Amino acid sequence: MTKYITKRIFMSALTLFIIIFVLFVLIRIMPGDPFSVERMSAEMILQKREELGLNKPILVQFVDYLSLLASGSFGNGTSLYNGAPIKPILTTCLMNSFKIGVLSILFGTAVGLTIGIVAALNRGKFLDGLCTLVSILGVCIPSYVFMIFLQYTFAYKIPFFPYFFDPSKFLTSAVMPAMSLSLFAISTIARFTRNEMLEVLNSDYVKLAEAKGLYGFELIRKHVLRNALIPIVTVIAPLVVDLLTGAMVIEKIYGINGVGKLMVDAIAGQGVDYNYVLALGIVFSALYIGAMLVLDILYGIIDPRIRLTAKEGF
Numbered sequence: 006m007t008k009y010i011t012k013r014i015f016m017s018a019l020t021l022f023i024i025i026f027v028l029f030v031l032i033r034i035m036p037g038d039p040f041s042v043e044r045m046s047a048e049m050i051l052q053k054r055e056e057l058g059l060n061k062p063i064l065v066q067f068v069d070y071l072s073l074l075a076s077g078s079f080g081n082g083t084s085l086y087n088g089a090p091i092k093p094i095l096t097t098c099l100m101n102s103f104k105i106g107v108l109s110i111l112f113g114t115a116v117g118l119t120i121g122i123v124a125a126l127n128r129g130k131f132l133d134g135l136c137t138l139v140s141i142l143g144v145c146i147p148s149y150v151f152m153i154f155l156q157y158t159f160a161y162k163i164p165f166f167p168y169f170f171d172p173s174k175f176l177t178s179a180v181m182p183a184m185s186l187s188l189f190a191i192s193t194i195a196r197f198t199r200n201e202m203l204e205v206l207n208s209d210y211v212k213l214a215e216a217k218g219l220y221g222f223e224l225i226r227k228h229v230l231r232n233a234l235i236p237i238v239t240v241i242a243p244l245v246v247d248l249l250t251g252a253m254v255i256e257k258i259y260g261i262n263g264v265g266k267l268m269v270d271a272i273a274g275q276g277v278d279y280n281y282v283l284a285l286g287i288v289f290s291a292l293y294i295g296a297m298l299v300l301d302i303l304y305g306i307i308d309p310r311i312r313l314t315a316k317e318g319f
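Terminal number for the sequence shown in the working numbering: 319, no gaps in between.
Shown next, in the form of structure tokens:
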């Protein structure tokens, strides 16, 4: 198991390094200039570029940026927040998105698994059709449309929740955006859970367990859920990152100072802040790679055959 985890960590670190290099080079060779919208003379722009090291060769800039990352910093912005350091602002926004994302994950996973299990255990019945309808609606309805509906219903018509996000009232403020973000997760997890549960329920080893007199909850717990878990975890892992990093439109509508809103501001503000775009790209990539690393480790724990197969490869 230790060798299996070590290989996965090495591959994850290598992948992240390649992504950082590609992101850095692409942003540096993009047309335009972070100071092009500012009223600065050509001499001032040259001086600013020299201060930021933008006149150096790209590889030299990349090495300098790696040393900056190694020190735990992302440098300063170029247009957002008057060029203030990126790290404290990014940390604050990430924590805001993280808190709401955790609620979305817990709610979406719990409801999605429940709907999928109920649908599978009642295949062809009314409950199966109802759960399938809910899953289809969850995919078809955009999260921001559902968000507007919740705002109109539970903030305007029935003023139960605040219309916009209020950090001082986090629990009540986080309910509507968390439910909106979890809508797609609920439908996706429900559909995969239903399909995998049906496949396992029709397998030979489940029929053998039933023939031995194992029914009900014990059969589901010991034989069905465990074997249906791997494909479901595969779906949940990327959804977790999507929910943790927030949704740009949802955060804009609800006034949440999260990383989704920060990305929109960095791209569509007074001028594109390349340093923020790069920092956010690295953070998003690291979160996805981290989620897939955890997924690989969970694979090895849930199904030891995966570890044995991995020994034959890299």
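Glycine included, C-beta positions come from ideal geometry on N, C-alpha and C.
What you are looking at is a predicted structure, and each value in this text was computed from that prediction instead of being measured.
Three-state class that DSSP yields for Asn101 in the structure shown = Helix.
query = How would you label Gln52, buried or exposed, when you count the other beta carbons within 10 angstroms and need 16 or more for buried?
reply = With fewer than 16 other Cβ atoms within 10 Å, it is exposed.
key: Assumed close pair Cys136, Ile146 - CB separation to whole angstroms, cut-off 8 Å   = That pair is no contact at about 16 Å.
ask   = So, using beta-carbon positions, are Leu28 and Leu283 closer together than 7 Å?
value = Contact flag set, yes.
inquiry  = At the level of alpha carbons, what is the spacing between Pro236 and Phe15?
reply    = Distance between the alpha carbons of Pro236 and Phe15 is about 24 Å.
ask   = For Asn280, which of helix, strand or coil comes out of DSSP?
value = Annotated three-state conformation of Asn280 is helix, per DSSP.
inquiry  = Can you tell me whether Asp247 is buried or exposed? The criterion is at least 16 other CB atoms within 10 Å of its CB, across all chains shown.
reply    = Asp247 comes out buried.
ask   = Which runs of the alpha helix (DSSP H) fall wholly inside the segment 105 to 171 and span at least 4 residues, in chain order?
value = Counting whole runs of 4 or more residues, the segment 105 to 171 contains the alpha helix (DSSP H) stretches 131 to 145 and 148 to 156.
ask   = Between which two residues does the alpha helix (DSSP H) carrying Tyr70 extend?
value = For Tyr70, the enclosing alpha helix (DSSP H) covers residues Ile63 to Ala75.
ask   = Is Asn81 helix, strand or coil when you go by DSSP?
value = Here Asn81 sits in strand by DSSP.
message = Distance check for Glu55 and Asn164, CA to CA, integer angstroms please.
response = The sequence shown places Pro at residue 164, rather than the Asn named in the question. Those two C-alpha atoms are separated by around 54 Å.
message = Check this for me: beta carbons of Ile260 and Phe170, under 7 Å apart or not?
response = Note that residue 260 is Gly in the sequence shown, not Ile. Between Gly260 and Phe170, the C-beta gap is smaller than 7 Å, which places the two residues in contact.
ask   = Is the CB-CB distance between Asn262 and Asn101 below 7 Å?
value = Their beta carbons are under 7 Å apart, which means Asn262 touches Asn101 by this criterion.
inquiry  = Per the DSSP calculation, Pro90 is bridged to which residue(s)?
reply    = Asn81.
Classification of Asp278 by the beta-carbon crowding that lies within 10 angstroms, buried from 16 upward = So Asp278 counts as buried.
Gly295 to Glu48 span [Cα, whole Å] = Approximately 44 Å between the Cα atoms of the pair.
key: Host alpha helix (DSSP H) of Gly260 (start-end)   = Where Gly260 is concerned, there is no enclosing alpha helix (DSSP H), given that its DSSP letter is neither H nor E.
inquiry  = Taking only three categories from DSSP, how would you classify Ser17?
reply    = Here Ser17 sits in helix by DSSP.
ask   = Given that a residue counts as buried once 16 or more other Cβ atoms are within 10 Å of its Cβ, and exposed if not, what is Leu186?
value = Flag for Leu186 reads buried.
request  = Tell me whether the beta-carbon of Leu292 lies closer than 7 Å to the beta-carbon of Met268.
outcome  = The criterion of a C-beta distance shorter than 7 Å is not satisfied by Leu292 and Met268.
inquiry  = If the criterion is Cβ atoms closer than 7 Å, does the pair Met181 and Leu203 meet it?
reply    = It is not a contact, given that the beta carbons lie outside the stated cut-off.
ask   = Does the beta-carbon of Leu188 have 16 or more other beta-carbons within 10 angstroms, so that it is buried, or is it exposed?
value = Here Leu188 is buried. Its C-beta has 16 or more other C-beta atoms within 10 Å.
message = Helix, strand or coil for Asn200? Go by DSSP, reduced to three states.
response = In this structure, Asn200 counts as helix in the three-state DSSP scheme.
query = Relative to the C-alpha of Pro93, which residue among Val264, Val65, Leu244 and Tyr157 is closest?
reply = It is Val264.
ask   = Around the Cβ of Arg128, are there at least 16 other Cβ atoms within 10 angstroms (buried) or fewer (exposed)?
value = Around the beta carbon of Arg128, fewer than 16 other beta carbons sit within 10 angstroms, so the residue counts as exposed.
request  = Please work out which residues of its chain come closer than 7 Å, Cβ to Cβ, to Phe319, disregarding the five sequence neighbours upstream and downstream, and give them in chain order.
outcome  = For Phe319, the predicted model reports a pLDDT of 46, less than 50, meaning its position is unreliable and no value from the coordinates is stated.
ask   = Under the rule that 16 or more other beta-carbon atoms within 10 Å means buried, what is Phe112, buried or exposed?
value = So Phe112 ends up on the buried side.
query = When we look at the beta-carbon of Lys162 and count the other beta-carbons within 10 Å, is it buried (16 or more) or exposed?
reply = In summary, Lys162 is exposed, with fewer than 16 beta-carbon neighbours lying within 10 Å of its beta-carbon over all protein chains present.
ask   = Between the C-alpha atoms of Phe166 and Val107, what's the straight-line distance to the nearest angstrom?
value = Answer to the nearest angstrom: the Cα atoms are 19 Å apart.
ask   = Between the C-alpha atoms of Ala242 and Ile302, what's the straight-line distance to the nearest angstrom?
value = Those two C-alpha atoms are separated by around 12 Å.
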